[in-house]
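Trainee:
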Amino acid sequence: MSTASKPMYEWNILPWKRFHRDVSKLQTRIYRASQRGDVRAVHRLQRLLVKSWSFKCLAVRQVAQVNRGKRTAGVDGVKNLTEPQRLRMSQSLSLQSPTVTPVRRVWIPKPGKPEKRPLGIPVMQTRSEQTLARYALEPEWEARFEPNSYGFRLCRSCHDAIEAVFLAIRFKPKFALDADIRGCFDNILAEALLDKLQTFPSLRSVIKRWLTAGIMEEGRFIPTNKGTPQGGSISPLLANIALHGLENHLRASFPNRSSKPSVVVYADDFVVIHDDLAVIEECQRLASQWLVGMGLELKPSKTRITHTLHEYHGNVGFDFLGFTVRQFPVGKYRSGRNTHGQPLGFKTIIRPSKAAQKRHVGDLASVIRRHRATRQDELIRILNPKIRGWAHFYATVVSKQVFNKMDSVVYQQLRRWARRRHPKKNATWVAHRYWHTRQNRHWSFEDGEAVLAKHADTPIRRHVKVQGVRSPYDGDLAYWGSRVSRHPELSRMQLRLLRDQHGSCATCGRYFTDANEIVVHDLVGSVWPQSRAGRRQMRRLVHGHCRT
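Counting in our numbering, the sequence shown tops out at residue 548, every number present.
Following this line, the structure appears as structure tokens:
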């Protein structure tokens with residue numbers, strides 16, 4: 001009997017490296033079978049995966065040790081598992097369970113809005129089962145998803161979606177339908193989703209039980225016959241499956257046109273772009289009709305038709321995924337107009353949206369306000385990750401002017417923080433106490449080795465959109481490794497470590513294919529080096545599951 005098939009009673013000594021290699025190989029086989037349309041092979045391989053004990057161990061480990069919400073309890077109150085409990089759960093894990101525990105509903109605030117979002121949290125047993133089912137279903141659907149679908153998918157991000165929008169409008173000003181689906185996760189019809197899944201009966205039946213398990217809110221049971229609860233491991237995949245086909249439907253509705261509308265979908269937000277207003281209006285009608293079949297509808301308050309260059313019904317440009325997309329007249333003949341009244345010269349400018357800037361400023365202000373009595377070096381340590389993270393996220397677009405503005409706002413916030421600490425000192429004394437000159441950089445907020453990062457220090461780097469329908473399951477590690485090395489959200493330290501490790505994990509040796517799975521691991525040492533070069537030598541990049 002092989003090591004992966006017989007019970008082992010030490011969780012930490014399981015051959016995790018081999019488990020991950022086996023799941024990667026089997027998922028690649030499922031992906032290729034789905035590509036060639038071999039449904040029988042897909043279902044056979046999926047049955048093999050969900051019955052394998054090694055894959056069950058990986059599902060339990062993902063839920064109990066790796067996921068960010070691993071300590072979130074369901075209705076049973078369990079939020080942590082010991083190693084023996086993980087072993088017992090992996091041995092008893094099955095998709096044949098006749099009953100399903102209801103999900104616990106909590107309400108979380110939406111960033112920058114007074115509204116709240118419902119979050120459904122299944123128990124750990126159900127989350128592990130859903131992760132196991134996701135391992136089986138995801139490769140099949142990655143081979144079928146449309147090329148311009150980017151939300152909740154491996155190795156795809158909102159930067160790819162924004163780049164797709166830029167490529168659609170870079171040569172010509174166009175009309176755009178900026179649409180939002182009302183309560184996408186909460187209103188998907190269960191039967192319509194199951195019919196679209198077309199999976200084998202046992203997996204279909206367990207997914208149906210998950211969708212109709214009901215909700216527990218403040219001790220009250222609420223039955224459900226629609227929606228996929230946000231918080232479940234499989235919910236993002238099911239939402240993508242529900243919206244699969246929208247892009248092809250809109251493009252296929254105009255077979256006689258030389259240029260078809262461009263459709264970019266990210267979760268429950270999508271944009272339709274075309275130079276003909278009649279086509280955009282027809283796409284809005286077609287999208288509304290198509291969504292009805294899944295129990296969904298467009299949200300009128302967030303759905304509008306606009307133009308990227310000139311004003312249409314009071315709108316110019318549009319906001320999408322925290323970015324503002326707009327075009328401006330430029331050049332020698334910018335005052336000239338063509339027969340349609342449009343400027344002859346234009347330039348496409350994509351910036352961080354006003355709402356995103358406001359949220360970031362508010363976040364920094366709240367941090368500074370909460371740490372009014374904190375030491376300067378400690379405040380710098382807290383602020384730096386927020387500043388660098390926000391700047392790296394928006395470093396792929398025209399953000400330099402916005403970065404300078406953010407630095408100016410942060411200076412004013414810190415100036416108030418410093419003046420409050422020394423009410424009896426004059427402004428000159430306070431400035432000399434907290435701000436210094438470092439090389440050619442003036443007004444540096446620093447305390448010894450602790451130096452506050454600036455937004456404007458982040459270089460602008462254009463993002464390269466993912467190629468067509470490429471997927472990490474296609475086995476092209478060279479392509480995905482090169483994309484990780486240019487990911488916009490990785491810090492300079494992470495990029496240096498990635499180069500030093502030749503793109504592979506320091507623990508298991510497997511190549512990184514997705515930036516979201518990269519974790520910085522600090523080596524245990526007796527003395528922590530003071531220099532940056534020394535600290536870098538004490539750090540390694542590992543997969544999230546390899547760190548646990």
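Here a beta-carbon is modelled for each residue, glycine too, at the ideal position from N, C-alpha and C.
Indicate whether Ala164 and Val264 have their beta-carbon atoms separated by less than 8 Å.
Mentor: Translated into positions along the sequence shown, residue 164 becomes position 164. Translated into positions along the sequence shown, residue 264 becomes position 264. Yes, they are a contact pair.
Trainee: Tell me whether the beta-carbon of Ala176 lies closer than 8 Å to the beta-carbon of Phe318.
Mentor: As a position in the sequence shown, residue 176 is number 176, starting the count at 1. As a position in the sequence shown, residue 318 is number 318, starting the count at 1. Yes; because the gap between Cβ atoms is below 8 Å, this pair is in contact.
Trainee: Report the rounded CA-to-CA distance for Cys505 versus Lys424, giving the unit in angstroms.
Mentor: What you label residue 505 is simply residue 505 of the sequence shown in a count that begins at 1. What you label residue 424 is simply residue 424 of the sequence shown in a count that begins at 1. Cα to Cα, Cys505 sits roughly 54 Å from Lys424.
Trainee: What is the C-beta distance between Ile380 and Ala450, in whole angstroms, given that I count them as a contact (C-beta under 8 Å)?
Mentor: Locating residue 380 in the sequence shown gives position 380, counting from the first residue. Locating residue 450 in the sequence shown gives position 450, counting from the first residue. Between Ala450 and Ile380 the Cβ distance is about 4 Å, and since that is below 8 Å, they are a contact.
Trainee: Considering only residues of the same chain and omitting the five flanking positions on each side of Thr99, which have a CB-CB separation below 7 Å?
Mentor: Sequence index remark: in the sequence shown, residue 99 carries index 99 (1-based). Excluding residues within five positions, none has a Cβ falling inside 7 Å.
Trainee: Please list the segments of the alpha helix (DSSP H) lying wholly inside the region 20-51, counting only runs of 4 or more residues, in order along the chain.
Mentor: Listed in chain order, the complete alpha helix (DSSP H) runs (minimum 4 residues) inside the region 20-51 are 39-51.
Trainee: From the DSSP output, in three-state form, read off Ala373 for me.
Mentor: In the sequence shown, the residue the question calls residue 373 occupies position 373. Note: Ala373 maps to coil in three-state DSSP.
Trainee: Please classify Arg375: is it buried, with 16 or more other beta-carbons within 10 angstroms of its beta-carbon, or exposed?
Mentor: Along the sequence shown, one-based indexing puts residue 375 at 375. Exposed is the call here.
Trainee: Would the region 70-79 and the region 238-254 be scored as touching if the rule is three or more Cβ pairs under 8 Å?
Mentor: no
Trainee: What do you reckon, are the CB atoms on Gly475 and Thr28 nearer than 8 Å?
Mentor: In the sequence shown, residue 475 corresponds to position 475, counting from 1. In the sequence shown, residue 28 corresponds to position 28, counting from 1. The answer is yes: Cβ separation under 8 Å.
Trainee: Run through the region 379-438 for me and flag every whole beta strand (DSSP E) of 3 or more residues, listed as ranges in chain order.
Mentor: Complete beta strand (DSSP E) runs here, min 3: 435-438.
Trainee: So does the region 352-369 actually touch the region 402-410, counting three or more Cβ pairs closer than 8 Å?
Mentor: yes
Trainee: Suppose you measure from the CA of Ile460 to the CA of Ser485; what does that come to, to the nearest Å?
Mentor: Here the question's residue 460 lines up with position 460 in the sequence shown. Here the question's residue 485 lines up with position 485 in the sequence shown. Computed Cα separation, rounded: 16 Å.
Trainee: Roughly how many angstroms lie between the CA atoms of Ala427 and Arg441, to the nearest whole one?
Mentor: Locating residue 427 in the sequence shown gives position 427, where the first residue counts as 1. Locating residue 441 in the sequence shown gives position 441, where the first residue counts as 1. Straight-line Cα distance between these residues: approximately 20 Å.
Trainee: Report the option in Ala192, Glu311, Arg326 and Trp107 whose CA atom is closest to the CA atom of Trp290.
Mentor: What you label residue 290 is simply residue 290 of the sequence shown in a count that begins at 1. Residue Ala192 is the option with its Cα nearest to Trp290.
Trainee: Based on Cα-Cα distance, which residue from Gly544, Val466 and Leu495 lies nearest to Cys158?
Mentor: Here residue 158 refers to the residue found at position 158 when the sequence shown is read from its first residue. Here the closest residue by C-alpha is Val466.
Trainee: What is the DSSP secondary structure of Val75, counted as helix, strand or coil?
Mentor: Locating residue 75 in the sequence shown gives position 75, counting from the first residue. Of the three classes helix, strand and coil, the one that applies to Val75 here is coil, per DSSP.
Trainee: Measuring CA to CA, which of Arg209, Arg170 and Pro472 is closest to Phe328?
Mentor: For the purposes of this step, residue 328 is taken as the residue at position 328 of the sequence shown. Considering only alpha carbons, the answer is Arg170.
Trainee: Is it true that the region 117-128 meets the region 226-233, where meeting means three or more beta-carbon pairs spaced less than 8 Å apart?
Mentor: yes
Trainee: Might you give, ordered along the chain, the residues of its own chain that have their beta carbon closer than 8 Å to the beta carbon of Asn12, omitting 5 neighbours on each side?
Mentor: Working through the sequence shown from its first residue, we reach residue 12 at position 12. Counting only Cβ-Cβ distances below 8 Å, and skipping sequence neighbours, we find Glu83.
Trainee: Counting Cβ pairs, one atom from each stretch, are 3 or more of them under 8 Å apart for the region 298-308 and the region 191-211?
Mentor: Proximity of the region 298-308 to the region 191-211 falls short of the contact definition, fewer than three beta-carbon pairs being nearer than 8 Å.
Trainee: Measuring only the C-alpha atoms, how far is Gly183 from Lys226?
Mentor: Taking the sequence shown and counting its residues from 1, the one referred to as residue 183 is at position 183. Taking the sequence shown and counting its residues from 1, the one referred to as residue 226 is at position 226. Going by the C-alpha atoms only, they are around 11 Å apart.
Trainee: So if DSSP puts Pro181 in a beta bridge, which residue, or which two residues, is it bridged to?
Mentor: Start at 1 with the first residue of the sequence shown, and residue 181 comes out as number 181. The sequence given here places Ile at residue 181; Pro does not occur at that position. In DSSP, Ile181 forms a bridge with Leu298.
Trainee: Identify whether Leu250 lies in helix, strand or coil by the three-state DSSP scheme.
Mentor: Here residue 250 corresponds to residue number 250 of the sequence shown, with the count starting at 1. In this structure, Leu250 counts as helix in the three-state DSSP scheme.
Trainee: Find the nearest neighbour of Leu49 within the set Ser34, Leu237, Asn67 and Val23, judged by alpha-carbon distance.
Mentor: Here residue 49 refers to the residue found at position 49 of the sequence shown. Nearest C-alpha to Leu49: Val23.
Trainee: Could you give the C-beta distance for Ile350 and Val398, rounded to a whole number, given that I count them as a contact under 8 Å?
Mentor: The count along the sequence shown starts at 1 and reaches residue 350 at position 350. The count along the sequence shown starts at 1 and reaches residue 398 at position 398. Going by Cβ atoms, the distance from Ile350 to Val398 rounds to 6 Å, so yes, they are a contact pair.
Trainee: Cys204 by DSSP, collapsed to three states: which one?
Mentor: Position 204 of the sequence shown holds residue 204. Here residue 204 is Arg; the residue named in the question, Cys, does not match the sequence. Residue state, collapsed to three classes: helix.
Trainee: I'd like the list of long-range same chain contacts for Arg372, defined as Cβ closer than 8 Å, with 5 residues on each side in sequence excluded.
Mentor: Walking along the sequence shown from the start, residue 372 turns up at place 372. Only Trp417, Arg420 and Arg421 meet the Cβ criterion.
Trainee: Relative to the alpha-carbon of Ala239, which residue among His307, Thr101, Phe145 and Val316 has its alpha-carbon at the smallest distance?
Mentor: For this step, residue 239 is matched to residue 239 along the sequence shown. Taking only the C-alpha atoms, the option nearest Ala239 is Phe145.
Trainee: Using DSSP with H/G/I as helix, E/B as strand and the rest coil, what is His463?
Mentor: The sequence position of residue 463 within the sequence shown is 463, counting from 1. DSSP places His463 in coil when its eight states are reduced to three.
Trainee: What's the call for Lys454, buried or exposed, on a 16-neighbour Cβ count within 10 Å?
Mentor: Taking the sequence shown and counting its residues from 1, one reaches residue 454 at position 454. Lys454 counts as buried, since at least 16 other C-beta atoms from the protein chains shown sit within 10 angstroms of its C-beta.
Trainee: My output table needs one value for Asn187: the three-state DSSP class, helix, strand or coil.
Mentor: To locate residue 187, count along the sequence shown from 1; it is residue 187. Shown here, Asn187 sits in a helix according to DSSP, grouped into three states.
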